[in-house]
């Protein structure tokens with residue numbers, strides 16, 4: 081080995097020449113601060129900034145595609161006149177309703193910008209509870225023992241005094257009585273089938289009863305946007321139903337009826353878009369419904385899950401493609417972020433812009 | 081500033097003396113390789129090795145506490161003779177049944193080492209599907225489009241040919257017919273209530289029917305270990321129920337009945353232990369049931385979720401303490417790991433050791 | 081157990097009353113969309129939105145505290161007239177210079193808004209390379225084999241044609257010759273010590289030579305902001321120095337000199353603030369220097385690392401408090417996010433607002 | 081839409097047939113518990129268990145390939161007689177030396193099972209400090225303020241009394257005096273170059289001086305395994321060098337010399353293997369050296385980093401392939417786990433088995 085020359089193999093390895101220009105020709109370029117503080121321009125620079133900033137930019141594009149497709153209303157004559165060109169399914173986990181994202185979710189529902197919601201039990205009850213008493217900002221590090229002794233429940237860095245759940249019980253109990261009564265009265269439906277409550281019917285009833293414009297589900301009821309929550313027993317609402325069943329037993333909550341309703345929405349959609357914040361059942365349930373139509377046309381996932389443990393929550397959209405839950409030629413995006421950081425901005429640049437000036 | 085001396089404030093800052101000895105007096109000490117390869121000794125050294133190795137050691141201790149408490153059988157006379165001293169709730173997500181963990185989960189159920197199971201729809205059906213055809217090891221990077229074109233579904237780095245789901249449909253359809261028939265026949269229960277199927281009753285029926293010793297749910301049925309899955313519609317089983325409802329409508333699947341059964345188990349338990357692999361509904365549902373008893377006595381969580389996004393999946397056990405889902409004086413452990421890496425080892429050092437020699 | 085009443089222990093557990101109001105009295109409140117799209121107001125709502133949105137809000141507050149402290153210039157007479165009230169240390173990893181964050185980092189340096197930089201070798205060279213040829217936006221999933229065969233290097237979803245590194249060699253080689261020559265010429269310094277190059281001196285030389293207003297390090301040189309990079313050999317610059325040493329040996333790069341310079345900056349600071357994007361050496365090195373002053377007064381960490389594996393990268397700021405690297409009464413913030421998503425917004429709401437209208 | 085039949089498009093979507101059998105024909109199969117507790121068999125079942133268990137299995141295979149290649153010693157006559165067939169580079173972060181992994185790392189070095197080490201400053205000093213006083217097991221949640229007031233430093237859930245660092249200073253100061261003296265004495269090397277210390281020379285000196293068989297670096301010195309740490313100033317050792325420079329100035333620590341030594345090892349290796357625990361500089365530096373040989377032949381990465389933020393720490397091995405740091409036809413593995421959970425097991429099944437019975 082000649083000591084005064086770099087070995088040729090090393091030099092060749094380090095100084096490989098680029099034999100072809102990459103077809104990816106967009107140059108990385110961050111925000112140009114010489115134009116002053118312009119949030120719109122700053123956020124637009126994300127698409128060419130790399131990593132999750134790029135995925136933020138892709139998400140804006142994908143959401144705008146959904147919105148444009150949805151605004152294609154079928155005209156002329158025939159059965160489908162007035163049908164929208166895209167059905168948008170929105171899913172989110174319970175903690176996001178506890179957070180300040182609730183106001184953004186309600187905005188979408190209030191203005192009829194989405195067509196179907198899937199959430200968990202907590203994703204339902206936390207909205208109603210906020211109509212009864214506030215949720216507070218605390219700290220991730222507050223000790224559980226201290227909090228329990230003071231009757232304060234922690235959700236990440238948020239706090240919900242347990243009194244709020246007591247108020248919720250007071251509010252929900254008379255409604256549960258009504259549900260039992262209606263079930264008994266309508267033991268069979270007009271077409272001869274047995275009458276049963278489903279989670280979506282109960283959520284609509286709750287939304288109507290709360291009669292509060294701050295509530296997501298008030299607007300969902302008013303705007304006839306169905307809300308599916310197949311495990312509606314898994315939360316405070318379940319606790320209340322459980323307690324109530326001692327005093328006034330007999331309520332049945334069927335989840336097959338809701339499955340049919342959800343799947344049918346997916347099957348009948350002209351095209352479909354999925355916006356899913358968080359993982360678990362809200363992610364899987366929307367995706368599974370879209371298998372019924374051989375895949376969603378558009379998809380934006382926002383979560384912090386990773387694929388390495390094989391969880392559905394952390395899976396990349398390409399895993400859903402293998403199942404036929406997203407179309408093979410779609411351009412789905414997964415944005416790796418806590419939704420509280422990015423979803424309001426995404427909504428501002430897409431849905432809000434489509435209706436606000 | 082004198083240039084030939086370290087400034088006193090800096091020296092004081094760097095060379096702070098430890099004024100009191102920390103009460104934490106266990107010395108960090110890894111495995112002593114001079115004793116040769118001894119897996120048991122190696123794993124025992126984890127408790128003093130730091131980070132997640134320490135949490136592994138804590139998990140072994142916590143699981144052994146559950147087992148010891150459970151083995152305290154009430155003797156003498158009275159209503160509760162024969163009742164176990166601890167009720168163990170086991171929760172796991174769907175992907176773990178697709179993985180090789182299924183054999184370890186079945187081992188626990190077959191040998192009656194746990195008392196109650198909560199899982200998702202996929203956590204149920206993937207076990208039966210494996211009785212019909214194998215799941216295969218693939219790769220995380222296989223392209224969704226290619227897989228879909230070849231009818232192969234991906235779960236992380238595992239592959240399930242779609243034919244397996246077709247076989248599942250053939251197997252499950254006659255059972256669904258039976259469910260409808262039994263529902264009609266027993267329109268009311270002996271005590272006058274309407275008869276309805278619940279997820280746990282259906283899972284027991286499926287477990288009985290599969291009649292295969294490789295199945296978790298065969299053993300759960302045989303050993304009368306209830307399996308709760310409140311959103312049982314959210315998976316292939318739901319797809320099959322949905323399809324079946326076109327041909328033979330009317331099946332009702334009530335989730336309130338199961339809620340009562342699960343909560344009652346938690347309330348009646350002498351003490352309770354929770355073993356939860358993964359997040360989402362399986363984690364929340366077991367914890368919520370344990371609120372009914374003012375908190376579980378023992379808890380081991382194994383998952384990869386983080387708390388920073390406020391998700392229940394990623395929450396530390398101390399968050400559950402604030403809710404009364406874990407007792408204030410308990411010593412719960414969260415082990416941050418893909419369960420496939422650690423759960424078989426944990427079982428070997430605890431449950432297996434308690435019955436195998 | 082009376083079957084028509086909820087057991088008292090259960091009811092007590094679920095309906096615990098909040099005995100004291102939590103002192104954390106800020107109500108969770110998301111953005112009020114009725115005011116139209118107002119990015120400033122939307123971002124201001126983050127502080128009361130929970131999870132990382134709250135941490136975003138805390139970061140804005142902490143950065144504004146640093147800026148306000150820094151703007152307290154010592155007046156009157158005496159040695160310290162003109163000294164700033166706070167020294168701001170900025171650290172960032174290599175990948176962030178490859179990303180569009182480079183423009184934001186340069187903005188801070190160009191406008192003298194920070195006082196000291198710590199970065200890695202890549203964090204230095206990628207800035208110069210971008211002056212020679214563009215970095216491109218690609219995709220996380222591009223195959224390594226394909227890319228290598230075409231001489232294209234991948235950094236996350238970014239691409240750097242290897243030709244860019246060849247151009248970098250052409251540019252840097254004459255400078256390395258100069259370094260060797262100057263070292264030989266100045267074998268001793270005026271005060272009798274041996275002359276040696278340090279990473280910071282070399283980076284300043286490179287910054288001067290590039291003479292390009294797009295470069296972070298051009299402005300660092302011009303504005304006399306030192307840039308420390310203790311492992312400057314660990315990157316393409318190291319490759320070039322290694323190759324160059326065959327042709328023109330003898331260059332020495334001493335890291336002790338830089339350590340003294342960095343520590344002295346921390347010791348002399350009236351107060352100090354740390355802004356650290358990413359983990360590894362850039363995080364540890366700034367924190368360690370601040371131990372010399374018994375802790376930084378202000379700190380904002382932005383990264384995606386987690387504490388569970390005991391890494392310094394993932395440690396919460398409170399770990400640094402135990403070491404005396406952050407003051408005991410400081411209010412440091414860790415924002416869990418990919419910096420590309422949040423840092424431009426943070427800069428807009430703090431540094432940019434302090435100088436732009 | 082006929083209501084009594086599943087729409088054909090839906091049925092087709094759900095019941096897609098698998099047109100070809102996947103070439104991935106290994107069946108998922110967990111441990112067979114009927115064989116009793118057999119850790120070796122249990123760990124061998126990981127390869128067919130999915131997710132990170134599969135990656136654990138791949139890691140065992142990859143490590144065994146390295147070992148087999150390394151054991152191919154060149155025979156016959158000629159310059160290279162006795163040269164090993166593979167050079168193994170081992171990298172690890174500081175926190176792993178603080179943990180119980182230190183004993184496993186020392187085992188590898190003591191038995192000459194690896195050829196080159198790259199670590200950080202803390203990865204060096206924590207080993208020596210453990211020879212002076214123990215590191216303790218604590219808790220992740222201990223408060224920084226309390227710890228600082230008591231002079232106790234936290235590393236994840238480990239604790240190091242600050243007294244240990246005071247003892248380290250007492251031990252290291254006379255050695256630093258020697259380094260200065262030797263530097264002065266040998267102002268030029270025999271071949272006329274200036275004599276300078278490099279991190280690897282200093283680490284060898286420290287290893288020789290500690291003269292303690294519990295130390296990794298004692299064995300590294302004894303077995304002539306070089307230890308590279310390009311930013312050796314970034315830790316307590318740096319603090320001590322900084323303090324020492326007030327009393328006895330003049331020490332120079334050159335990092336270019338070490339770069340040449342490291343790169344030359346990679347270039348001369350017959351084949352090369354990389355074992356990298358954690359991220360940051362230890363990962364990048366080993367990979368970069370292997371670019372000099374156009375890529376490592378074998379690689380096992382163990383860390384918890386993710387690729388989504390574009391960090392080198394979290395990058396998949398395939399990113400290193402694009403750079404020529406891993407060979408295009410290699411079979412590198414990334415195991416997503418806290419190394420404390422898996423590395424002792426990996427060593428047991430590979431290196432230990434190769435020399436112990």
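Residue numbers (our numbering), protein chains in the order written: chain A, 81 to 437; chain B, 81 to 437; chain C, 81 to 437; chain D, 81 to 437.
In this text, a Cβ means the ideal position worked out from N, Cα and C, and glycines have one as well.
Everything numeric in this text was worked out from a predicted model, so none of it was measured.
Practice task
Determine the direct distance from the alpha carbon of residue 383/B to that of residue 227/A, and round the result to whole angstroms.
Solution key: 24 Å
Handout entry: Sheet register partners of residue 334/C (DSSP bridge)
Key = By DSSP's assignment, residue 334/C forms a beta bridge with 334/D.
Practice task
In the DSSP assignment, find the alpha helix (DSSP H) that holds residue 203/C and state where it starts and stops.
Solution key: Counted as a single uninterrupted DSSP element, the alpha helix (DSSP H) harbouring residue 203/C occupies residues 201–212.
Exercise for the section: Going by CA-CA distance only, name the one from 177/A, 406/A and 361/A that's closest to residue 310/B. Expected result: 361/A
Problem - residue 174/A versus 252/A, 160/A, 242/A and 208/A, residue with shortest Cα-Cα distance - result: 208/A
Problem - Sheet register partners of residue 196/D (DSSP bridge) - result: DSSP links residue 196/D through a beta bridge to 169/D.
Practice task
Determine the closest residue to residue 411/C out of 138/C, 436/C, 307/C and 366/C, with distance taken between C-alpha atoms.
Solution key: 138/C
Problem - Cβ-based neighbour list, residue 257/A, same chain, cut-off 7 Å, excluding 5 preceding and 5 following - result: So the list reads 328, once near-sequence residues are dropped.
Practice task
Name the one or two DSSP bridge partners that residue 107/C has.
Solution key: 216/A
Problem - Interface flag, residue 402/D vs chain C, CB-CB below 8 Å - result: yes
Problem - Buried/exposed call for residue 93/B, threshold 16 Cβ in 10 Å - result: buried
Problem - Three-pair Cβ contact test at 8 Å for the stretch 198–218 of chain B versus the stretch 169–189 of chain B - result: yes
Exercise for the section: Tell me, please, whether the CB atom of residue 97/A is closer than 8 Å to any CB atom in chain C? Expected result: yes
Exercise for the section: Take residue 381/C as the anchor and find which of 135/C, 162/C, 349/C and 223/C has the nearest alpha-carbon. Expected result: 135/C
Handout entry: the stretch 238–247 of chain B / the stretch 298–306 of chain B touching (three or more Cβ pairs under 8 Å)
Key = Touching, no.
Exercise for the section: Output, in sequence order along the chain, the residues in the stretch 161–192 of chain D whose CB is closer than 8 Å to any CB in chain B. Expected result: 175, 178, 179, 180, 181, 182, 183, 184 and 187
Practice task
Throw me the rounded Cβ distance for the residue 211/B and residue 290/B pair, which I believe falls under 8 Å.
Solution key: 6 Å
Problem - Same chain, Cβ closer than 7 Å to residue 400/D, neighbours up to 5 away in sequence not counted - result: 367 and 406
Problem - Beta carbon of residue 359/A nearer than 8 Å to that of residue 390/A - result: no
Handout entry: Selection from 353/A, 396/A, 418/A and 286/A that minimises the alpha carbon distance to residue 221/B
Key = 396/A
Problem - residue 425/C at chain B interface by Cβ criterion, 8 Å - result: no
Practice task
Would you kindly check if the distance between the Cβ of residue 255/C and the Cβ of residue 286/C is under 8 Å?
Solution key: yes
Handout entry: Minimum C-alpha distance to residue 365/D - residue among 198/D, 127/D, 119/D and 194/D
Key = 198/D
Problem - Cβ of residue 340/C within 8 Å of any chain D Cβ - result: yes
Handout entry: Coil, strand or helix - residue 278/C by DSSP
Key = coil
Practice task
Compile a chain-ordered list of the residues in the stretch 272–296 of chain D whose CB is closer than 8 Å to at least one CB of chain C.
Solution key: 273, 274 and 276
Practice task
Give the straight-line distance between the Cα atoms of residue 282/C and residue 262/C, rounded to the nearest whole angstrom.
Solution key: 12 Å
Problem - Partner residues on chain A for residue 219/B, Cβ-Cβ distance less than 9 Å - result: None at all; the shortest Cβ gap to chain A is about 12 Å.
Exercise for the section: Please work out which residues of its chain come closer than 8 Å, Cβ to Cβ, to residue 427/A, disregarding the five sequence neighbours upstream and downstream, and give them in chain order. Expected result: Within the same chain, 184, 187 and 188 come within 8 Å of residue 427/A by CB-CB distance, once the 5 residues on both sides are set aside.
Practice task
Can you pull the chain C residues whose beta carbon is under 9 Å from the beta carbon of residue 389/B, in chain order?
Solution key: 131, 132 and 416
Practice task
At 7 Å on the CB atoms, spell out the chain A contacts of residue 386/D, in chain order.
Solution key: 386
Exercise for the section: Measure the beta-carbon distance from residue 402/D to residue 332/C and round it to whole angstroms, keeping in mind my assumption that it falls under 8 Å. Expected result: So it is not a contact: roughly 33 Å between Cβ atoms.
Problem - Sequence-distant residues of the same chain with beta carbon closer than 6 Å to residue 133/C, five excluded per side - result: 126
Practice task
List the residues of chain C that residue 399/A touches, going by C-beta distances under 9 Å, in chain order.
Solution key: The premise fails here: residue 399/A is roughly 13 Å from chain C at the closest Cβ pair, so nothing lies under 9 Å.
Exercise for the section: Thinking residue 131/A and residue 420/C are a contact (beta carbons under 8 Å), I'd like their distance in whole angstroms, please. Expected result: With a Cβ gap of about 5 Å, residue 131/A and residue 420/C count as contacting.
Exercise for the section: Using DSSP bridges, identify the partner residues of residue 423/A. Expected result: Per DSSP, residue 423/A has no beta bridge partner at all.
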